[in-house]
Amino acid sequence: MYPSRFRYQAARSAEQAVRLLHEGGEDAKVLAGGQSLIPMMKLRFASPELLVDINAIPGLDYHRVDPDGSIHVGALCRHADLEHSDLLPGHQPTMTAAAPLIADPLVRNRGTLVGSLCHADPQGDWASVVLALGGSIVAQGPAGQRTIPLREFVLGPFENALAHDEIAVEAVIPAPRGAPAGGYLKLERRVGDFATAGVAVALETDGSQVIRAGIALTGVGGSTIEATEAEQVLTGRPLTAETIAEAGRLAAAAAQPKSDHRGSATYKRHIVSTFVVRILSRIDWTQERAA
Amino acid sequence: MTIIYEETADDGPPIPEQRITVRVNGRKVVAEVEPRLLLAHFLRYTMRLTGTHTGCDTTNCGACTVLVDGRAIKSCTMFAVMADGHEVTTVEGLASPSELHPLQEGFKEKHGLQCGFCTPGMMMAAKALLDRNPDPTEEDVRWALSGNLCRCTGYQNIVKSVLWAADKLRAESGQAEEAS
Amino acid sequence: MSQAVDEIKIGGMGASRRRVEDNRFIRGKGNYTDDVVLPGMLHMEILRSPVAHARITRIDASRAWDMPGVRLVLTGEMMATRNLAWMPTLSYDTQAVLATDKVRFQGQEVACVIADDPYIAKDACEAIEVDYEPLPVVVSPQAALEDDAPVIRDDKEGQATNVIYDWEVGDAEGTDRAFEQADVISRLQLHYPRSHPSPIECCGSIADFNRSTQKLTVYMTTQAPHIVRAAVALIAELPEHMIRIISPDIGGGFGNKVPVYPGYVCSILASILLEQPVKWIEDKTGNLISTGFARDVYLDGELALSRDGKILGMRMRTLADHGAFFADAQPSKFKIGLMHSTFGCYNVPFAHLAARGMYTNKSPGGVAYRCSFRVTEAMFFQERMMQAAADDLGMDQAEFRRINLVRDEQFPHRTPFGFLLDSGQYGACLELGLKAVGYEDFLRQKAEAAKRGRLLGIGISTMSEPLGAGNSREYDILGIKMFDSAELRVHMTGKALLRTGARGQGQGHETTWGQIVAHELGIPADDVTVEEGDTDTAPFGMGTYASRSTPVAGAAIAMVCRKVRAKARKLAAHLLEVSEEDIEWELGRFYVRSAPDRGVTIQECAMAAYSNMPDGLEPGLENNAYYDPPNLTWPFACYIVTVEVDPETGVWDVLNMVAVDDCGVRINPMIVEGQIMGGLTEAFAMSNMQFITYDADGNCIGSNYMDYLIPTAWETPGFELHGEVVTPSPHHPIGAKGVGECAAVGGPAAFVNAVMDALKGTGVRNIDMPLLPDRVWEAVTQRHDVSGAPPIRTDG
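Taken in sequence, the protein lines are chains V, W and Z. Counting in our numbering, the first sequence runs from 1 upward without gaps. Counting in our numbering, the second sequence runs from 292 upward without gaps. Counting in our numbering, the third sequence runs from 472 upward without gaps.
If you want it as structure tokens, here you go:
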């Protein structure tokens, strides 16, 4: 309940944050929503020497859809902003489905999507969603900005690709080439629990077939898992009962769950396949075409 | 927090303190705090606003819920320094001592509390809900309160309390509109 | 001219009076232990063992001592010099305050730091170096029985094994004969998982020893302040009159705040040594891994049945895991609480119970978590067994209960274990419940749904719970008899101050007790201040747990009111200038029998007690009462749940929950319903998600709210309550019975029975709680039972 001592600096700009991190060295950490970091500090699982608070940096709390259809989520956009967004419903079904399922309503008021991606918790929901959508992170460091695809951003459990003096300023979801469809399902024992298993499905369709498929899995491995083979089986064909079942089977095969008190590995695999099938079966082709 | 050193004791390294300016329940306060001081502890121990409770270590129970710039957050999961320049509302700021907020009335009227420990957090989370959605369904209320744990009531009466308050607030604002 | 008062208008019996205590709670002005700040107060934190079983070879606290702001570091060695390293438990065992020889469970208290603020105290705890030499770990009672199991309590002379007790009750021979004559024998083996009351507020204390007056004042989260005072007097060898225990507002108790914990003792010693107030506020992990857990018992029993559905006999064996110290808070005569209350509400001619208790390397406890001393396990076993037996007989579960429930004309009814059930309308409650839930309709729906592959189920739980210990002949804790008390002082203007030996934690005593006074004396409830929890002012009482406050303290209140009324009658006679025999009482007023218009109010009598007493009558209008109930109270409940199970995920949803509670006369119906809804929610929690378990190394799973799952408003179903059936307690002065625990006791079986009913076609006989989705799915797909605590698996 009582964190260790640390030094604290509130950055007023991204440049200043980078400079502070650079000076702070390896023991400095970025503080955004703090909904994962502060609990870990309270339990003294984490004891950073310096916290660089980016909450006071102006202009990072946005989420917007650009004219090309790409979605940009600033580092200070809270989960609740996405949950109550006017922009996402009808535009991005996977994100729309996932936003209300992050943690609990109070945590959603404070925590951020970008922070959640940086935290790289294998049980983090957003990582699956953004991975399924083929998204990336815009990082800012002393040498300027670079874009890191999420696939390369998450290196392992609680490990990301940022240098110690880089901050993630934005998450980008690329513009869809077809009509977006999909969803997010999470089995949690109660609100606020980590996922026993979660599945993000993001499709793009052209009305006759699936032109892009993204499927990523939460909580069933050492890091967020992309179900590549399941994606491939869907891509380039119409969505049929057969391809749906096959995608479910392949996604379950891609999962690497461990048995624990949330359930056996067998059960978690089964939930992955069930959820993939449930999300895909709910997609209404005719409506997608109309959209 | 403050440390008093024995005259003979080694002073040790200085404890970094940070000056913050926070508006708490409408009152602007300036304080020197250690960065690690949690907002919940700042409110409870420094400000002596003990209506904000702490019930867990892991950001689950919501007993410490307050509003920061109108948003309901868990004050055990925010450092007091992060509130610098912001506005914090606690249960003590819900209404004046003589008058009650409809939520407070609703919790009493509908028996929405027993031991009272989770109650301030519940009311603050409910306040944020009603500010955003003045006419919630039972489901909306249950969803909005799902970050707050209660061991006594079984929630049913808490939900009724919030719906009672919503009705009253709507009636009041309806009257206000008619009057204007 | 005076008139009788309207009882409901003055907030008397039966009024859903809004709660007095709410006025401060809704404003955030409660006064919980952590809200108390004393001048010069220091803060204590506890260093706990990270391992479950190990010999301590070295403790080096020098770095902690050197930290600025640290005032004191306590270790077991220092406690031992004051004979405080060990303390007695409530079950005649001993418990380590701070470990000296070895640690026996993960989370055991090893050292304490007292510092200027809690952050520094925590820093200093981390700076204490402790070397642990690991010992083999025992995490189940079965493993504790193995020949090669390490002896956990090697500190106890003559303790060569891990067995704490072997205890039995009932008629073994008669029961054996009943089983020989049975047409059908139905057997069920269950595990009631380890659980924790887990109030949102953790435990804490502020000890304030004043050297100049020699007085020790302790603010403390305790449900039983007088028991604590006695314990502190004995443990710390302080004179009892120099100890004042104050229990401020309590943020939930549920049994967790009955025992004396090491943290309390350490804060007291620290304050004595430092001569400054010392505050200890436990964190949630500390609360969950070291303070009183509940349940964790294996139940194995069988019913002897005739083909037509009559119960001929019942026998049961229990194997309980008590953790490292036998610290159960329970009446001392009964080693496994009131487990033998099982099957009380049914006609069972012969019964036998054999109980065994074991030490393991787990946290100590076995408190009454909303269960009146393990009645939760007793009723869970009973109702799960009833469903299994009905299935074995191929009989409808409602009909099977109908056949065996004790009938109205049988009261008083002696159970084979010796309890005397004194009243009830069991059949009426069952029928009301069945009607409310639409039993026959649901069975049709269920059959219809089954055709489409949907799994619907209905579960029933009917039970009569023994609430309100004592009588003192049979019920005591450490020899202190389980009576309770009330003290009433009527002021000159007719306002009153009432004090009891109980200590509420959300049950609304400040509201309800005033209503009893209103009922007995006609003084408006709003004119009565209720005080509890301060041992310097409250009369001696055993505290609030086991649903005993209304049955015992509530009765004492009625009795003290009657004593006061008797004196007021003398004053009335004096004022009315007639003899006492000529006076009649109606609510709030005495009048002359022959001239009913001539009367005086209770308030006028009060004024006379201070201003116009007759010669020879002692001034003042106050009294006290110590009440020793002749029997327990026996409420009855019927809980019925309907569910739908998703066979694909194992997730189950509650469709409907109906609760019929006959808890005798309801003093405040609103509060009674609140208690029932709270209990039902805990029942749902236990059946659905809430549990604590340990891995093979003795690491506690469920050590915080991320793993110890408490349902939110979202998961918790709605409840439909019924209070139409009212059977007053024949011995309680106002006919009330206990109720606070009924729903938590009887509820779990209703939920589990509903899920098992939904799975009836699959050949699954039992899934042990909690019925988490993965366990239900495993049972459905594998078509086998799922038993024991959720395992901490190591495969995959």
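Built from N, CA and C at the ideal position, the CB exists for glycine as well.
Once you ignore the five residues that flank residue i on each side, which residues in its own chain have a CB closer than 7 Å to its CB?
| i | result |
| --- | --- |
| Glu1249(Z) | Val1257 |
| Val450(W) | Glu429, Val432 and Arg433 |
| Ala230(V) | Ile215, Ala247, Leu250, Ala251, Ala254 and Val276 |
| Leu509(Z) | Ile677, Asp679 and Pro748 |
| Arg418(Z) | The structure shown does not extend to residue 418(Z), since chain Z is modelled only from 472 to 1267, so the question has no answer here. |
| Thr94(V) | Val129, Ala132, Leu133, Gly182, Gly183, Tyr184, Ala200, Val201 and Ala202 |
Does residue i get closer than 8 Å to chain W when you measure Cβ to Cβ?
| i | result |
| --- | --- |
| Gln801(Z) | no |
| Ile1181(Z) | yes |
| Ile102(V) | no |
| Asn1159(Z) | no |
| Met1148(Z) | yes |
For residue i, decide whether its Cβ has a neighbour in chain V, counting only Cβ atoms nearer than 8 Å.
| i | result |
| --- | --- |
| Thr444(W) | no |
| Gly342(W) | no |
| Pro307(W) | yes |
| Asp1168(Z) | no |
| Lys593(Z) | yes |
| Thr762(Z) | no |
| Thr381(W) | no |
| Thr1120(Z) | yes |
| Leu926(Z) | no |
Please work out which residues of its chain come closer than 6 Å, Cβ to Cβ, to residue i, disregarding the five sequence neighbours upstream and downstream, and give them in chain order.
| i | result |
| --- | --- |
| Met512(Z) | Pro748 and Lys750 |
| Tyr769(Z) | His662 and Leu790 |
| Ala532(Z) | Val544 and Ile599 |
Mapping the DSSP letters down to three states, classify residue i as helix, strand or coil.
| i | result |
| --- | --- |
| Ile1205(Z) | coil |
| Ser464(W) | helix |
| Gln577(Z) | coil |
| Gly763(Z) | coil |
| Glu911(Z) | helix |
| Tyr1110(Z) | strand |
| Ile698(Z) | helix |
| Met691(Z) | strand |
| Tyr184(V) | strand |
| Lys29(V) | strand |
Can you list, in chain order, the residues of its chain with a C-beta nearer than 8 Å to that of residue i? Leave out the 5 residues immediately preceding and following it.
| i | result |
| --- | --- |
| Val18(V) | Gln140, Gly141, Pro142, Asp165, Glu166 and Ile167 |
| Asn439(W) | Cys352, Gly353, Ala354, Thr356, Cys409, Gly412, Met413 and Ala416 |
Does any residue of chain Z bring its CB to less than 8 Å from the CB of residue i?
| i | result |
| --- | --- |
| Ser437(W) | yes |
| Met41(V) | no |
| Cys406(W) | yes |
| Glu400(W) | yes |
| Tyr62(V) | no |
| Met1(V) | yes |
Checklist entry - At a Cβ cut of 9 Å, what residues of the stretch 257-273 of chain V count as close to chain Z, listed as they run along the chain? => result Pro257, Lys258, Ser259, Asp260, His261, Arg262, Gly263, Ser264, Ala265, Thr266, Tyr267, Lys268, His270 and Ile271
Checklist entry - Which of the residues in the stretch 352-374 of chain W, read from start to end, lie with their CB under 9 Å from any CB of chain V? => result Gly353, Thr356, Val359, Arg362, Ala363, Ile364, Lys365, Cys367, Thr368, Met369, Phe370, Val372 and Met373
Next on the checklist: Beta carbons nearer than 9 Å to chain Z: which residues of the stretch 185-199 of chain V have them?
Outcome noted: Leu187, Arg189, Arg190, Val191, Gly192, Asp193, Phe194 and Thr196
Checklist entry - What residue ranges within the stretch 986-1024 of chain Z form continuous beta strand (DSSP E) runs of no fewer than 3 residues, ordered along the chain? => result 999-1002
Checklist entry - Which residues, taken in chain order from the stretch 323-335 of chain W, show a beta carbon closer than 8 Å to some beta carbon of chain V? => result Glu325, Pro326, Arg327 and Leu329
Item to check | Chain-ordered residues of the stretch 5-38 of chain V with a beta carbon less than 8 Å from chain W | outcome: Arg5, Phe6, Arg7, Tyr8, Ala10, Leu31, Gly34, Gln35 and Ile38
Next on the checklist: Restricting to runs no shorter than 4 residues, where is the alpha helix (DSSP H) found entirely within the stretch 578-630 of chain Z?
Outcome noted: 589-597 and 612-616
Item to check | chain V contacts from the stretch 414-429 of chain W (Cβ-Cβ distance under 7 Å) | outcome: Ala416
Item to check | Under 8 Å (Cβ pairs) to chain V, residues found in the stretch 1182-1193 of chain Z | outcome: Pro1182, Thr1183, Trp1185 and Glu1186
Item to check | Near-chain W residues of the stretch 656-675 of chain Z - C-beta to any C-beta below 9 Å | outcome: Pro668, Ser669, Pro670, Ile671, Glu672 and Cys673
Checklist entry - At which residue ranges does the stretch 921-978 of chain Z contain complete beta strand (DSSP E) runs of 3 or more residues, listed in the order of the chain? => result 926-935, 955-961 and 967-971
Checklist entry - Between the stretch 571-604 of chain Z and chain W, which residues of the former have CB atoms less than 8 Å from a CB of the latter, in chain order? => result Asp587, Asp588, Tyr590 and Ile591
Checklist entry - Taking Cβ-Cβ distances below 9 Å as the criterion, which residues of the stretch 696-721 of chain Z are in contact with chain W? => result Asp720 and Ile721
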